Structures are given as structure tokens and as C-alpha cells.
Amino acid sequence: MYSEQFKESLALVEASREKNIALEPARMTAEQKEKVLASFHPDYKADEFSALKIGPNKGDKVPTELAEILQAHSRITADSVDLTKPAYETDVLVIGGGGAGTAAAIEAHEAGADVMIVTKLRMGDANTMMAEGGIQAADKPNDSPAIHFVDAFGGGHFAAKRELLSKLVCDAPEAIKWLSDLGVEFDKDADGTMVTTHGGGTSRKRMHAAKDYSGAEIMRTLRDEVLNRNIPVVDFTAAIELILDENGKAAGAVLMNMETKELLVAKAKTVIIATGGAGRMHYQGFPTSNHYGATADGLVLGYRAGAKLLYAETLQYHPTGVAFPEQIFGALVTEKVRSLGAKLVNANGEVFMHPLETRDVTAATIIRECSERDNGVDCGNGKGIWLDTPMIEKIGGEGTIMKRIPAMWRMFEKYGIDIRYEPILIYPTLHYQNGGLDIDANCMTTNIENLFVAGEAVGGIHGKNRLMGNSLLDIIVFGRSAGTNAALKAKDTTVGKLTLDHIAKFENEIAGAGIETEMVSPKLLPDYTRKI
Amino acid sequence: MEKLVNIFLFGKKYEVPENLTIMTAMEYAGYQLVRGCGCRNGFCGACATIYRIKGDKELKACLACQTKVEDNMYIATLPFFPLVKQAYDLEKIPVNETVMMQLYPEIYACIGCNACTKSCTQGLNVMQYIAYAQRGEFEKCAEESFDCVMCGVCSSRCPAGISHPQVAMLARRINGKYLAPGCGHLEDRVKEIKDGDFNELIEALMQKPIEEMKELYNNRDIEK
Numbered sequence: 001m002y003s004e005q006f007k008e009s010l011a012l013v014e015a016s017r018e019k020n021i022a023l024e025p026a027r028m029t030a031e032q033k034e035k036v037l038a039s040f041h042p043d044y045k046a047d048e049f050s051a052l053k054i055g056p057n058k059g060d061k062v063p064t065e066l067a068e069i070l071q072a073h074s075r076i077t078a079d080s081v082d083l084t085k086p087a088y089e090t091d092v093l094v095i096g097g098g099g100a101g102t103a104a105a106i107e108a109h110e111a112g113a114d115v116m117i118v119t120k121l122r123m124g125d126a127n128t129m130m131a132e133g134g135i136q137a138a139d140k141p142n143d144s145p146a147i148h149f150v151d152a153f154g155g156g157h158f159a160a161k162r163e164l165l166s167k168l169v170c171d172a173p174e175a176i177k178w179l180s181d182l183g184v185e186f187d188k189d190a191d192g193t194m195v196t197t198h199g200g201g202t203s204r205k206r207m208h209a210a211k212d213y214s215g216a217e218i219m220r221t222l223r224d225e226v227l228n229r230n231i232p233v234v235d236f237t238a239a240i241e242l243i244l245d246e247n248g249k250a251a252g253a254v255l256m257n258m259e260t261k262e263l264l265v266a267k268a269k270t271v272i273i274a275t276g277g278a279g280r281m282h283y284q285g286f287p288t289s290n291h292y293g294a295t296a297d298g299l300v301l302g303y304r305a306g307a308k309l310l311y312a313e314t315l316q317y318h319p320t321g322v323a324f325p326e327q328i329f330g331a332l333v334t335e336k337v338r339s340l341g342a343k344l345v346n347a348n349g350e351v352f353m354h355p356l357e358t359r360d361v362t363a364a365t366i367i368r369e370c371s372e373r374d375n376g377v378d379c380g381n382g383k384g385i386w387l388d389t390p391m392i393e394k395i396g397g398e399g400t401i402m403k404r405i406p407a408m409w410r411m412f413e414k415y416g417i418d419i420r421y422e423p424i425l426i427y428p429t430l431h432y433q434n435g436g437l438d439i440d441a442n443c444m445t446t447n448i449e450n451l452f453v454a455g456e457a458v459g460g461i462h463g464k465n466r467l468m469g470n471s472l473l474d475i476i477v478f479g480r481s482a483g484t485n486a487a488l489k490a491k492d493t494t495v496g497k498l499t500l501d502h503i504a505k506f507e508n509e510i511a512g513a514g515i516e517t518e519m520v521s522p523k524l525l526p527d528y529t530r531k532i
Numbered sequence: 001m002e003k004l005v006n007i008f009l010f011g012k013k014y015e016v017p018e019n020l021t022i023m024t025a026m027e028y029a030g031y032q033l034v035r036g037c038g039c040r041n042g043f044c045g046a047c048a049t050i051y052r053i054k055g056d057k058e059l060k061a062c063l064a065c066q067t068k069v070e071d072n073m074y075i076a077t078l079p080f081f082p083l084v085k086q087a088y089d090l091e092k093i094p095v096n097e098t099v100m101m102q103l104y105p106e107i108y109a110c111i112g113c114n115a116c117t118k119s120c121t122q123g124l125n126v127m128q129y130i131a132y133a134q135r136g137e138f139e140k141c142a143e144e145s146f147d148c149v150m151c152g153v154c155s156s157r158c159p160a161g162i163s164h165p166q167v168a169m170l171a172r173r174i175n176g177k178y179l180a181p182g183c184g185h186l187e188d189r190v191k192e193i194k195d196g197d198f199n200e201l202i203e204a205l206m207q208k209p210i211e212e213m214k215e216l217y218n219n220r221d222i223e224k
């Protein structure tokens, strides 16, 4: 139930519903898209970015908050630990226990390597767990990896590294099969045909889902498999610094127990960074759909050790974060809500755009509707736009919402809003780090040997914007590949003497560039305690 | 001026705004959370919490990130509960109720008290899905348990020592792998890719100049 302040606008939405359902809104032209992005997308606000003064990407602009942690001090010095006495020794060290990390660990184990996972919260505390809508794969007869490639390449503004993107789309059906064989319950018809829908910017219906718990279903299955294989998982333990060997190859990490602050050394033949995204950095003050630990740790670890970033200036603002009620402000409303037929409607009850443009275009157009055009609804924390969920039941039949998006129903029901009968209020929320560490097609960083990366910490797979359903896909495809390749590489690696010399070297650069900061990084967790 | 309510975190009283969730109220009170906080959106089960409203006999359970504070709420978080997780090889297990008898025999000691269902933070019919698991009805168990976030509150209340979320996890994996219908178009496509059927098309895309890619993208046909 909405309070009095929303009633007037709500009545307009309801009165226009039949008409709006019938409406087929035009898609924007390439020129229209470019214009709305340049004027309203947060990535184009120049004063929110700073040029890096040191490191391999010196001169590149990144979000100011990211520049600060990339150019901050290490939490330790080389003297803080004794590198000759590692607490752990393994072939493959996986940093991060989300979808990419667990997929990597399973495949490294499958390849016969000793592998361990360290994760700063619990295994499964990750954005994977929160991915709702689905996972793309071109496995229907009217589709092909080539069509998938074109959709993703165009959606990412023609900036993806093609060797990474071709791997993504060509390995996608095999990834779905791998997950199915592990017992992931995809939505299927009685004859086994996958139930697939559109996502923003897809030209074929290739979004596979497990209701709207797609990521949770994948994550809990992978976690279960890691436990079945008895792969060691060290939880509540963060990697705070990479360790290189005397030849400059990645050879482990310094770990910190999140509760006792004890420092430990992990020595490894190869290292996989699978630390995920950065939503909890709250770039430009945006709320986020990300999990508690999404603080760009992997980018910091890699950058300080000398690894290169790609497209770190591009972030994804998911068009539909919750704008009301405030208790779930910024939480994700899956794109699947629009895939199933709900349209975006402004305060006057008007459909103002096609609901399935790419995410960056949709987010920018919503921001324009709420700012320049002033057709937003006042939600208390700012303006919002209606997402007319009752349309789903009218289009798909009664019961569609409970069958296809039960998590969304549950999330709003707790606050007295029944999305089957009432629309919801949304506004863009910080969702995904498009950029990250630069890798080759074997998932190894382009300038540190034996350092692999998978998942959201990678840059270049999607270019400068990512399509819905390509992230769950990339954590599986590149997670698996990183695991296999890191295991393979470990077989003919002999680790030299361990060093943390890069810390002092980086400190010199900080001083040399005249950067004055008291900040230490990685940040590890946001601080939401009240400041009096 | 926002209205304040009294809450008791582990018995200690704090005054917090009434519009906060239990999780944000703890942060308002000054807790820098490490445990008991994960996705903050109701999917991960990290923030299982039990509470009692003063004067009320009933002990309630919830997710701290999804529940608003109330006046006189006595709160204890349950950031970890020692669930029993049996390791198994999904490729080798029997696909009938004997797998439950082997791995989780305690489910047959269920006394039907329904404490699990009453405590479920997701409002699931937990006792029912355990009954399905007992009978080897994995598909029904999978469906009934699908929204489980594995927070473990049900198990904390179980006099028979059942680890309900792990039982359901096993049932879902059996259902997904063995009982759900196979997918022909997926098998076909995996084979076509292995056979190299798309190599030429992809090769062409790898080489194409950006301007031609733009043409291709902007004029592609979109399935209705």
C-alpha cells in the first residue's frame, strides 16, 4: 500500500495501464543513444573522475574514489610478515569465494592441482548470490554465438577485447551444460526446452534463469561442490597484498584475519584474483545493489603489484534499483521484470522509452526523465520512476509473478507492497564494474606472470557496458578457464624467493608524485557506522 | 524529527530511528559489522537473527537486513550455525531415498513439531520439504525449498538435529541433474560448437572493422 503522497501519480499509472500494455515503444537510434548517454550517464560526468598519477595506468582517468584507493598506502610493510614461514602452501591460490572463485577452484581441482580459496567474508558472500535475472547462452536454434557476439560487442560500445568476447559467447552453451550437470535447476518446459527471455540489448531470447534466484541457485550449487571436493576454504580472511617472487611472478598473498587481524602468508605457484566488484565504493554517491564486500580489492592488489587496468572508468548503473521504500533503497530489481513485460512509466502515467534498451542507455534515460524533464515521482530519497509490474500478470497470466520472480514479490511484500497489483518505484543504482584487470584469453594478466583474474575484477570482456546475463556467464566461463589454466601453469612453475619489494617501490612512487594521503587500501569493507 | 524506538542488542539498550532495519540499526548504534552481514538484500542468509518483543512469549526469527526494528525488540544475531554438510559425489549417488538414509538419516527422526517451519525466515514450509525428502520425492522437495537462503535458523530450532538447508540442497542438485528433463537444443549446440560449425562466422567478426560492426549491430533483426 502506498501512502497518500503517491496516490495521484499511481492513479494515472493505473488509468493508462491497458493503453501502455498495448503500446510498442520505439527503440532509440544510435544518435539518440549517444546523446542521452553523453548528457545524463554518470560515466560522462568529467568532474567525478581523476587522472591516476602513478602506476601502469598513469594518466588514465578513473572514478575519484577509485583513484584514492589505487594510490593509497599498503596496510603493511615488507617487515610485517616473515615470508620464509608461510602458513599455507598450495599450487593455486584463489582469492575470493564468489561465483568466479568457486568455479576456478573446482576446475583447478579437477585438473589435479592443490587449490585453496581465501575469502574475506563467507564463501558465497558475493554479487553472484544476488544476480537475479539470468545467464545468457546462444543455445536456441534461431540463435548463434555470432549473434550473441554482435549483441554484446555493440552493447559494450564496440570496445570489448574480441578474443575475450569470442571466448565468452563460444563457451556459453558448454557453461550452461556444466552447471546443469552440477545440478543447477534452470527453468525448463516439460520437454526440456530452456525457458528463455530477452534482456536489454539482446536480439534473441537467450536469457536462461532459475526463477529470479539465478545467481543464488548457481552460487549455492558451486559452494556445495567446493565442499564436496574438500577444497580448503579459509573464510573471514582477506588478501591484503600480493606476494611476488624474485623473478616478478605472482607467488602468493599476505592474508589478514578479518576478526583477529592476524597476518598470514600464503605461498602459491599461481594466484587467481576473483575478488568481484566495487559497488560499496558508492561512486558519485550512488546507492548500490552489490554485496557488503564489493570494494574493488582485486584492482588495488593487482595495481600495486604492477598489473594493468582496462576500462576502469566505466561503471554500470543498473536502471532499476529500488527508489522506495527506503529500507531497501538501491537494492536490485531484476531486469527480468522488464523481460516479462513491465514497462517504465513516468509520474504522469506515460511510457517514455522502450524498456529493454541496454542498461547504460536505460539508466541515462531514466535520469533524464527525473532531472531535465522533471517527470519523476518524489520518493523521499530523491526522484523515481514507476515500473509497472501488474502488467506482467496481465500479459503472462495470473501467477506469472510468483512463478518467475518470487524473490521480487517477497522483497516488496515485506514492506506492504504487492507487486502483482501495485507498481514499484525505481531509480538507477551502482551495479557493476565494467572495467578491471587486463587479461589475455588464458585469463592471465598481461604483465604479471602467474597472476590470473576471473569474474567482475576483469576488464575488457564486455567493453564499456555489459548486457544483462553476461556477467553470470563470464564468471563461469572465465572462472573455469582461470582455474584450468592456473592449474596447468602451476605444473611447470618453480617459485623463487618471495618478496614484498613492490610495496616500498609503490610508496616511493606515491611520494614522488606528491600524493598526500592517509588512506590505506584495500578498503575491505565500507563503514556505515553513524558518525556523531 | 524521526521517531525513535528502544531496541536491545544482545540485551543492551539502544535508541534508534524506527524506520531502520535491524542491520542498519546495529550500524546506527555503532557496530562495524564483519560477521552477520553479506548481501544486505535478503539472498545470502548471513544475517539470520532471532528476536523477542518484550512481553511476548513467541521467539521470532528473521533476516536482519529485511526486517524493520520495533519498540522493545530484544535482538540476538545468529551469524553462524553449525549445520551438518555431508560430502558426496553427485556422479555416484543413488537417485532415490536411500541417498537420504545414507547421508542424512536424522531426517527420519523428525518428530513433526514444525518448529522449523515456524522459524523459517523465508516463510517456507520446511517440515513439508523434509517430508518430501524422507520419501525420496526430490522434485517436490526442490520446489518447496527453492527460496531457501540457507540461514540455518530452522536447524537451530530442530530437536532432531536436522540440517534442513543441506538436505534441500542435495535434493535440488539431484533434481537439477537427474530428474529435470534433458535439454536437446543445448546438447546440439554444444556439439555444433565443438565441431567448429561457427568458427568461420566468429573468425569474420574478429577481423571486421569497427564501422562494419556498427552497421551490423545497428541493423540487426531483433526477435519479438
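Chains as they are written, first to last, in my numbering: chain B, 1 to 532; chain C, 1 to 224. For glycine and all other residues, C-beta sits at the position ideal for the given N, C-alpha and C. Predicted, not measured: the structure shown is a model, and the values here were computed from it.
- Ranked by Cα distance from S471(B), the options G98(B), G55(B) and D43(B) are led by G98(B).
- Counting every other CB atom within 10 Å of its CB across the protein chains shown gives D191(B) a total below 16, marking it as exposed.
- By the criterion of a C-beta distance shorter than 6 Å, T237(B) is surrounded in its chain by V118, L255 and N257, once the five residues flanking it on both sides are discounted.
- At a cut-off of 8 Å between beta-carbon atoms, I107(C) makes no contact with chain B.
- Within chain B, no C-beta atom comes less than 7 Å from the C-beta of I162(C); the nearest is roughly 17 Å away.
- In this structure, V62(B) places its C-beta atom within 8 Å of the C-beta atom of E313(B).
- When DSSP reads this structure, G252(B) sits in a beta bridge with I243(B) and K267(B).
- Closest in alpha carbon position to C151(C), among I50(C), T24(C), K13(C) and L4(C), is I50(C).
- Under the Cβ criterion (8 Å, minimum of three pairs), the region 174-191 of chain C does not count as touching the region 119-131 of chain B.
- DSSP, read as helix, strand or coil, puts I532(B) in coil.
- Contact between I475(B) and P428(B) is ruled out by a C-beta separation of about 23 Å, above the 8 Å threshold.
- Residues of the region 84-97 of chain C with a Cβ closer than 8 Å to any Cβ of chain B, in chain order: K85, A87, Y88, D89 and L90.
- The region 11-68 of chain C is shown to contain whole beta strand (DSSP E) runs of 3 or more residues at 12-17, 48-53 and 60-63, in chain order.
- Scanning chain B for C-beta atoms nearer than 7 Å to the C-beta of P181(C) yields K188, A190, D191 and G192, reported in chain order.
- For A64(C) and M23(C), the gap between their C-alpha atoms comes out near 5 Å.
- Interface residue (Cβ-Cβ distance to chain B less than 8 Å): M150(C) is classified as such.
- In this structure V300(B) touches I69(B) by the C-beta definition: roughly 6 Å separates them, less than 8 Å.
- Residue environment: E200(C) is assigned as exposed (fewer than 16 neighbouring CB atoms within 10 Å of its CB, all protein chains considered).
- For G201(B), the closest of D388(B), V150(B) and D189(B) by C-alpha to C-alpha distance is V150(B).
- Where F138(C) is concerned, the enclosing alpha helix (DSSP H) starts and stops at F138 to S145.
- For the C-beta of T237(B), not a single chain C residue is nearer than 8 Å; the gap to the nearest is close to 11 Å.
- With respect to V226(B), V233(B) sits close: the two C-beta atoms are nearer than 8 Å.
- Residues of the same chain with a CB within less than 7 Å of the CB of G306(B), apart from the 5 flanking positions on each side, are P56, N447, I448 and H502 in chain order.
- Judged by DSSP secondary structure, A111(B) falls outside any beta strand (DSSP E); it is assigned neither H nor E.
- Of the candidates G459(B), M353(B) and A209(B), the residue whose Cα lies closest to the Cα of A159(B) is G459(B).
- Between L52(B) and the set Y44(B), F286(B), E65(B) and H41(B), the nearest pair of CA atoms involves E65(B).
- If the five residues before and after A266(B) are omitted, its C-beta is found closer than 6 Å to the C-beta atoms of Y88, L93, G252, A253 and L255, all from its own chain and listed in chain order.
- In this structure, N41(C) lies away from A113(B), with their beta-carbon atoms at least 8 Å apart.
- Contact of M73(C) with chain B is not assigned, every C-beta pair being separated by 8 Å or more.
- Between the region 139-153 of chain B and the region 207-224 of chain C there are three or more C-beta pairs closer than 8 Å, enough to call the two in contact.
- Rounded to the nearest angstrom, the gap between the Cα atoms of P145(B) and G136(C) is 39 Å.
- According to the DSSP secondary-structure assignment, H157(B) is paired through a beta bridge with no residue.
- Contact note: F146(C) reaches chain B through E185, A210, K211, Y213, E217 and P406, using a C-beta cutoff of 9 Å and chain order.
- Of the residues R35(C), G161(C) and G30(C), the one whose Cα lies closest to the Cα of I111(C) is G161(C).
- The C-alpha of K191(C) lies about 13 Å from the C-alpha of A175(B).
- It is roughly 21 Å from the alpha-carbon of T295(B) to the alpha-carbon of E516(B).
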